[in-house]
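Numbering of the sequence shown is given in the numbering used here, commencing with residue 68 and proceeding in unit increments. Notes follow once the structure below has been shown.
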Amino acid sequence: MHLIAKHQKEEKRMQAHYLSWKSQNEFIKECGKLVVREFIREIKKSIYFTIFTDSTPDSSHSEQITFVFRFLHFNDNQLWEVKKRFLKLEELEKKKGSDITKLILNVLEENELDIKNCRGQGYDNGANMAGIYNGVQALIRQNNPQAIFIPCSAHSLSLCAVHAIESSAPAKSYFGNIQKLYNLFSSSPVRWKILQEETGQSLHKLSVTR
Numbered sequence: 068m069h070l071i072a073k074h075q076k077e078e079k080r081m082q083a084h085y086l087s088w089k090s091q092n093e094f095i096k097e098c099g100k101l102v103v104r105e106f107i108r109e110i111k112k113s114i115y116f117t118i119f120t121d122s123t124p125d126s127s128h129s130e131q132i133t134f135v136f137r138f139l140h141f142n143d144n145q146l147w148e149v150k151k152r153f154l155k156l157e158e159l160e161k162k163k164g165s166d167i168t169k170l171i172l173n174v175l176e177e178n179e180l181d182i183k184n185c186r187g188q189g190y191d192n193g194a195n196m197a198g199i200y201n202g203v204q205a206l207i208r209q210n211n212p213q214a215i216f217i218p219c220s221a222h223s224l225s226l227c228a229v230h231a232i233e234s235s236a237p238a239k240s241y242f243g244n245i246q247k248l249y250n251l252f253s254s255s256p257v258r259w260k261i262l263q264e265e266t267g268q269s270l271h272k273l274s275v276t277r
């Protein structure tokens, strides 16, 4: 207040442009809160929901887990429609089933969503997620037996493709040679530049999961 009074006495104009990164981040954060608040309102109105989570490492090699909710919404045309909303992204420090379950329950609690209203859960087929004893799906069902587990069909199909290729000698040799070519060129900036100059294309390493 003293600073404002001083400027008023000196008749100096105070200008605020709000263009700094801090101001922009604060604005984005507040907008995000409004969006999440509206999502939560929609979910609560529908009462029942299904939760999906999946994790992947980011560019800094930190594991990130996403939280997505699916629910029925009665729209303005007086029709029911299935909606899917991304709620938040969190850093995943521990990957044990019990730790992920605790994280899911915390997200539900902080958004005032009752686990008893969960009617479905969808994850990949990893033992920590789909395990029948200590997997996330089993631990969630201890809190709510009506939360039916739906395995990720894309993950199942991917595993089938991986095992099919590994059982085929020609296919395994083919993809192995592609990986060797990638290793050869990517290990040297000079060789990589020659590859691009001669072919105009880039090589990509094989995915360990797809």
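All residues carry an ideal CB built from backbone N, CA and C; glycine is no exception.
The bridge partners DSSP lists for Asp121 are Thr133.
Contact annotation: Phe134 and Thr120 have beta-carbon atoms nearer than 8 angstroms.
Residue environment analysis places Asn142 among the exposed positions, since fewer than 16 neighbouring C-beta atoms fall within 10 angstroms of its C-beta. One thing to note: Gln204 has its Cβ within 8 angstroms of the Cβ of Met196. About 6 angstroms separates the beta carbon of Arg186 from that of Ala214, a gap short enough to meet the 8 angstroms contact definition.
Unbroken alpha helix (DSSP H) stretches of 4 residues or longer found wholly inside the region 189 to 263: 194 to 197, 203 to 210, 220 to 233 and 236 to 253, given in chain order. Between Arg258 and Leu248, the beta carbon gap of about 10 angstroms keeps them out of contact (Cβ cut-off 8 angstroms). Per DSSP, Glu148 is not a residue of any alpha helix (DSSP H); the beta strand (DSSP E) it occupies stretches across Trp147 to Glu158.
Apart from the 5 residues on each side of it in sequence, Asn201 sits with its Cβ closer than 6 angstroms to the Cβ of Gly164 in its chain, given in chain order. Going by beta carbons, Leu139 and Ser113 fall inside the 8 angstroms limit.
Shortest Cα-Cα distance from Gln131 to any of Phe242, Lys162 and Arg137 involves Lys162. At the C-beta level, Val174 and Lys150 stay beyond 8 angstroms of one another.
In this structure, DSSP gives Gly99 a helical state, which the three-state scheme calls helix.
When only Cα atoms are considered, Asp166 and Gly193 end up about 14 angstroms apart. In the DSSP assignment, the residues bridged to Leu139 are Val149.
Of the residues Glu148, Asp125 and Phe136, the one whose Cα lies closest to the Cα of Leu180 is Phe136. DSSP places Asp166 in the uninterrupted alpha helix (DSSP H) bounded by Gly164 to Glu177. When the Cα atoms are used, Glu233 and Leu270 turn out to be separated by approximately 21 angstroms. CA-CA distance, Ser87 to Gly99, rounds to 18 angstroms.
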